[in-house]
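All residue numbers in the sequence shown are consecutive under the numbering used here, ending with 150.
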Amino acid sequence: MVASGVVMRWWCPMPVRLGILRSFGARIGTGVVIRHRVRVHWPWKLTVGADSWIGEGAWILNLEPVTIGHDTCVSQDVLLCTGSHDRTSPTFEFDNAPIVIGDHVWIAVRATVLRGVTVHDGAVVGACTLVTRDVPTDTTVHAGRS
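Structure (structure tokens):
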């Protein structure tokens, strides 16, 4: 991971963290907060809208683009994973797809959002929820309930 040693392993002031991500191509709006221990696999495939917040320990495994809207909260230890494999293929090739998270969304602690998912505006993803399909506008989903 590019810049993971600087951004992850040592304490790094948030303005410096944002500057490092931007210098590697991340598009980050004004007023964004990215807490400590956040991992971004490919910064140039990340877009974060204004006034959004990414919590401690979040992991953005973005082999494909990840877009996070404005006024959105991605809580602690959330995993956004654009990567997968075609399990029916004899060569197990990649089956990756982008993730889009809308505006005014809350992805709660330790949730996982998988490849190809769009979490539409105003949606809430509950703690520890695995999201494998799109979440409609202004909808709440919880672990064990779709």
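The beta-carbon is built from N, C-alpha and C at its ideal position, and this holds for glycine as well.
C-alpha gap between Thr95 and Ala115, whole angstroms: Locating residue 95 in the sequence shown gives position 91, counting from the first residue. Locating residue 115 in the sequence shown gives position 111, counting from the first residue. About 30 angstroms.
Does the distance from the C-beta atom of Trp63 to that of Arg43 stay below 8 angstroms? By 1-based counting over the sequence shown, the position of residue 63 is 59. By 1-based counting over the sequence shown, the position of residue 43 is 39. In this structure, Arg43 lies closer than 8 angstroms to Trp63 by Cβ.
DSSP three-state label for Trp48, please. Within the sequence shown, residue 48 is the residue found at index 44, counting from 1. Under the three-state reduction of DSSP, Trp48 is assigned to helix.
Do you know offhand how far Trp57's Cα is from Ile72's? As a position in the sequence shown, residue 57 is number 53, starting the count at 1. As a position in the sequence shown, residue 72 is number 68, starting the count at 1. Answer to the nearest angstrom: the Cα atoms are 10 angstroms apart.
Straight-line CA distance for Leu25 to Pro47? Mapped onto the sequence shown, residue 25 falls at position 21. Mapped onto the sequence shown, residue 47 falls at position 43. Their Cα atoms are separated by approximately 6 angstroms.
Which stretch, first to last residue, makes up the beta strand (DSSP E) that contains Leu22? Working through the sequence shown from its first residue, we reach residue 22 at position 18. Per DSSP, Leu22 belongs to no beta strand (DSSP E); it is in the alpha helix (DSSP H), Met18 to Ser27.
Glu68 versus Gly23, Phe28 and Leu84, residue with shortest Cα-Cα distance: Here residue 68 refers to the residue found at position 64 of the sequence shown. For the residues Gly23, Phe28 and Leu84, the minimum Cα distance to Glu68 belongs to Leu84.
Going by the beta-carbon positions, is the gap between Glu60 and Arg39 smaller than 8 angstroms? Within the sequence shown, numbered from 1, the residue matching residue 60 stands at position 56. Within the sequence shown, numbered from 1, the residue matching residue 39 stands at position 35. Yes, they are a contact pair.
From Ala101 to His45, what does the alpha carbon distance come to, in whole angstroms? Counted from its first residue, the sequence shown places residue 101 at position 97. Counted from its first residue, the sequence shown places residue 45 at position 41. Ala101 and His45: Cα-Cα distance of roughly 15 angstroms.
Cross-strand partners of His89 (DSSP beta bridge): Residue 89 sits at position 85 when you count from the first residue of the sequence shown. Looking at the DSSP assignment, His89 forms a beta bridge with Phe98.
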